[in-house]
Amino acid sequence: MQARNYPPKPKDVYLFGTCLIDLFVPQAGMDAVRLLEREGLTVHFPQDQSCCGQPAYTSGDAEAARKVARAQMKLFAQDWPVIVPSGSCAGMMREHWPKLFADDAAYGPQATALAERVFELSEFLVHVLQPDYSAARAEPVKVALHTSCSARREMGTRVHGLSLLASLPGVEVVEHVRESECCGFGGTFSLRHPDISGAIVRDKVDSIAGTGCQRFITADCGCMLNISTAAQHRSVAVAGTHMASFVCERLTGESA
Amino acid sequence: MSKHPMQFVPTADFKERARGALDDDKLRKSFRGAMDFLQAKRRNQFSDEHERESLRDLGSAIRKYALARLPDLLEELESKLTRNGIQVHWAENAEEANAIVLDIMRRNQARRMIKGKSMASEEIELNHYLAEHGMECIESDMGEYIVQLAGEKPSHIVMPAIHKNKADVAKLFEENIPDTPYTEDVDELIQTGRRALRRHFMEADVGLSGVNFAVAETGTLWLIENEGNGRLSTTVPPVHVAIMGMEKVVAKLEHVVPLVSLLTRSATGQAVTTYFNLISSPRRSGELDGPREVHLVLLDNGRSQAYADEQLRSTLQCIRCGACMNHCPVYGRIGGHAYGTTYPGPIGKILSPHLLGLDEAGDLPFASTLCGACSEVCPVRIPIPDLLIRLRNEAKRNPNETVATPLRGQGAKHSAAERVVWQFWSGAFKSPKAWKALRWGATRLRAFTPGAQAGWTQHRTPLKPASRSLHDMLKDRDQPE
Ligand code: SF4
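Quick note, the sequences are listed as chains V and W, same order. First residue of the first sequence: 16, per the working numbering; consecutive thereafter. First residue of the second sequence: 84, per the working numbering; consecutive thereafter.
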């Protein structure tokens with residue numbers, strides 16, 4: 016991960032909603048829009064968007080991934096930042112699209128240029144918008160934080176998540192055992208190797224439950240769905256909330 | 084020597100072995116404990132993040148520098164070693180390497196070999212081969228010795244017996260070493276092992292060792308270790324045979340210093356090891372000890388394939404510290420034996436396809452969440468997840484496709500059915516209309532979402548789409564595009 020230069024606060028941004036949020040947790044996308052609008056931005060959502068291509072990319076079908084990535088690239092024609100409310104998808108677009116098109120004279124430069132404009136939501140809030148949340152609800156709450164591994168390593172999402180949570184009054188982040196360890200999702204890994212994936216997520220659920228927090232906050236929907244549904248499967252009282260939804264909840268007591 | 088037959092684990096059936104390991108509570112506890120311990124030891128060694136990162140930069144640069152001139156360095160190494168009186172042999176594959184070692188033993192009328200730790204010798208299954216030819220091999224590294232007594236293979240490249248607990252060792256020693264009562268006292272166990280081995284050092288005709296680094300400019304073989312068994316194996320018997328993968332050469336003596344520091348700190352969390360052995364010649368006249376003959380076997384065994392590809396070449400930067408396995412969530416759950424390969428864990432997943440072909444090892448690159456814990460700790464910055472993705476592509480590639488440098492076993496995991504799935508998937512996601520229709524179907528028909536979803540619901544509740552998609556919700560509020 017390279018240290019990056021952040022742009023000044025823009026007037027317009029794009030939202031790339033990601034396929035998982037789109038279908039399974041759309042409220043997180045709505046909350047992301049609300050947080051961006053709260054800072055006075057116009058949020059553009061190209062209706063033709065779908066997925067960053069990560070599932071095929073990590074499954075060894077680069078060509079299928081390219082097809083899908085190409086279809087997204089043309090949707091973000093203006094020079095506005097592209098905000099992604101999911102760290103691993105942001106990482107895909109920022110780190111892997113340029114590699115995917117490295118040998119492509121037409122799309123290579125476009126991918127590289129676009130990668131520069133891709134920001135994970137909490138990163139963009141912390142580094143560019145620097146919102147003032149001091150008037151948010153103040154009653155104390157303890158939460159655990161989970162960060163997708165690729166997001167942490169490629170996008171620094173854990174640090175951004177921590178600073179965002181620290182800017183909310185009353186929120187205490189409780190560290191869980193082996194917090195940096197993977198939750199076992201790994202996209203299609205969870206389907207290809209259900210036993211190993213199941214063993215890893217079991218430990219993650221136990222580790223979060225061990226803090227006494229029943230709630231974990233994450234900027235990644237894949238991990239969130241993995242950990243929450245694994246907990247539910249065993250009737251362990253642990254559930255995830257998307258970072259955007261949690262911030263909204265603290266701001267008004269309800270999400271958008 | 085062992086009552087147990089040697090077990091050779093095939094690389095097929097990875098999933099089944101993984102399942103067996105997951106069900107073995109004792110094994111999982113051993114690995115979890117060992118990994119937590121090793122992770123903490125490493126962390127303590129690298130308390131200064133800045134120093135750690137710049138040392139990793141340096142380590143990576145040194146290894147890249149050496150690989151960029153590998154053919155020249157190997158030639159230089161050969162000529163310097165030869166000048167120093169060390170005989171150099173080239174082995175293209177395991178059979179050749181084994182035959183070379185056997186030949187050296189026969190020419191010296193040798194029957195008994197004492198072995199220091201060598202993963203290269205595990206890779207070529209030397210013990211098995213020599214046993215078939217009537218030779219006796221004794222492992223002298225304590226972990227290797229335990230594994231040999233158990234008739235197993237190492238489950239970790241640095242700590243071969245990491246899967247065994249005290250009770251396992253106590254039982255093995257009681258059963259296999261004469262006059263040994265059962266005890267779980269670790270010091271006593273170590274003393275028992277040492278006593279049993281001491282005799283073998285003295286009786287061995289040949290000592291075999293691995294090599295950590297070979298220095299081209301001086302013709303020096305570096306061997307680091309903690310138990311002194313490496314020193315004894317390479318100095319007491321009249322003949323010393325060293326074996327190493329051909330990538331382990333570095334250009335200059337000064338290049339070894341940062342690499343050793345990275346290696347010991349990453350591997351066992353030690354600032355230095357107890358022993359450094361720098362071997363540069365056989366016994367010279369007037370010297371009191373040392374072997375009269377020293378040989379080096381340089382092993383290719385598939386490494387050339389990795390070398391030939393610009394991206395995959397970085398696999399050969401590896402200095403075999405094992406940190407990637409110590410931090411791997413998959414290795415930590417299933418242990419080393421489940422992989423069925425000499426090198427388990429992340430390094431095994433990127434190296435084994437070259438040694439064995441994708442037809443044999445093609446499952447391994449897929450057995451990863453791509454979390455990147457491995458590359459984060461790798462002292463020479465091998466981009467392991469990127470290499471895994473590349474190998475997945477090669478394994479899935481159509482076997483009939485012609486590519487410039489095909490990998491052995493290319494397309495072994497190709498599945499027409501899976502291709503169709505991805506074609507359907509990319510068709511759906513690249514076409515806004517198709518994705519819209521799918522969203523419509525998934526949200527409107529959510530009541531019909533299946534309760535059993537492939538591997539997902541084995542350990543989780545089913546995923547159910549929301550009643551409205553983000554697209555719909557934003558359309559409703561006239562979100563600008
Ligand atoms: S790949 Fe890196 S971390 Fe793994 S054994 Fe090799 S040098 Fe060590």
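All residues carry an ideal CB built from backbone N, CA and C; glycine is no exception.
The stretch 402-415 of chain W makes contact with the stretch 194-211 of chain V, as at least three CB pairs between them are under 8 Å.
The alpha helix (DSSP H) runs lying completely inside the stretch 175-209 of chain V and spanning 4 residues or more are 204-207, given in chain order.
Residues of the stretch 459-481 of chain W with a C-beta atom less than 9 Å from some C-beta of chain V are E459, P468, D469, L471, I472, R473, L474, R475, N476, E477, A478, K479 and R480, listed in chain order.
DSSP places C263 (chain V) in the helix class (H, G or I) of the three-state scheme.
Within the stretch 403-434 of chain W, the residues whose Cβ lies closer than 7 Å to some Cβ of chain V are P412, V413, R416 and I417, listed in chain order.
For I273 (chain W), the number of other beta carbons within 10 angstroms of its own is below 16, and it is reported as exposed. Of all residues in the stretch 148-178 of chain V, the ones placed with a Cβ closer than 7 Å to any Cβ belonging to chain W are C164, S165 and R168, in chain order. Within the same chain, Cβ atoms closer than 6 Å to the Cβ of L315 (chain W) are found at F284, the five residues on either side in sequence being excluded. Residue range R230 to T233 is occupied by the beta strand (DSSP E) that includes F231 (chain V). Taking every protein chain shown into account, the CB of L447 (chain W) has 16 or more other CB atoms within 10 angstroms, so this residue is buried.
Boundaries cannot be given for Y265 (chain W), as no beta strand (DSSP E) includes it and DSSP labels it neither H nor E. For W518 (chain W), the three-state secondary structure derived from DSSP is helix. For K82 (chain V), the enclosing alpha helix (DSSP H) has its first and last residue at A77 to M88.
Taking a 10 Å sphere around the C-beta of W508 (chain W), we find 16 or more other C-beta atoms and assign the residue as buried. At least one CB of chain W lies nearer than 9 Å to the CB of M45 (chain V).
Along the length of the stretch 329-413 of chain W, whole beta strand (DSSP E) runs at least 3 residues long occupy 358-362 and 376-382, reported in chain order. R207 (chain V) has a beta carbon lying within less than 9 Å of a beta carbon in chain W. A check of alpha carbon separations from E187 (chain V) across V:S74, V:C104 and V:V156 identifies V:V156 as the nearest. The beta carbon of N20 (chain V) sits no closer than 9 Å to any beta carbon of chain W. In the DSSP assignment, the residues bridged to M327 (chain W) are W:L381. At a cut-off of 9 Å between beta-carbon atoms, L50 (chain V) makes no contact with chain W.
Looking at W:S550, W:A180, W:T347 and W:P243, the one whose alpha-carbon comes closest to that of L138 (chain W) is W:T347. CA-to-CA, the gap between Q388 (chain W) and P548 (chain W) works out to about 46 Å. Judged by beta-carbon spacing, T233 (chain V) lies within the 9 Å limit of H161 (chain V), meaning their Cβ atoms are closer than that value.
Among the residues of the stretch 50-75 of chain V, those with a Cβ less than 9 Å away from any Cβ of chain W are T57, V58, H59, F60, P61, Q62, D63, Q64, S65, C66, G68, P70, A71, Y72, T73, S74 and G75, in the order of the chain. Classified as exposed, D140 (chain W) has fewer than 16 neighbouring CB atoms from the shown chains inside 10 Å of its CB. Burial check for N241 (chain V): the Cβ neighbour count within 10 Å reaches 16 or more, so the residue is buried. Shortest Cα-Cα distance from D37 (chain V) to any of V:E54, V:Q64 and V:H59 involves V:Q64. Q247 (chain V) has a beta carbon lying within less than 9 Å of a beta carbon in chain W. As the crow flies, the alpha-carbon of N20 (chain V) is around 20 Å from that of L51 (chain V). Look at W173 (chain W) here: in three-state DSSP terms it is strand.
With a threshold of 8 Å, the Cβ atom of C404 (chain W) counts as near the ligand SF4, since some heavy atom of the ligand is closer than that.
Listed in chain order, the non-local C-beta contacts of H554 (chain W) below 8 Å within the same chain comprise K519 and R522, local neighbours out to five positions each way being set aside.
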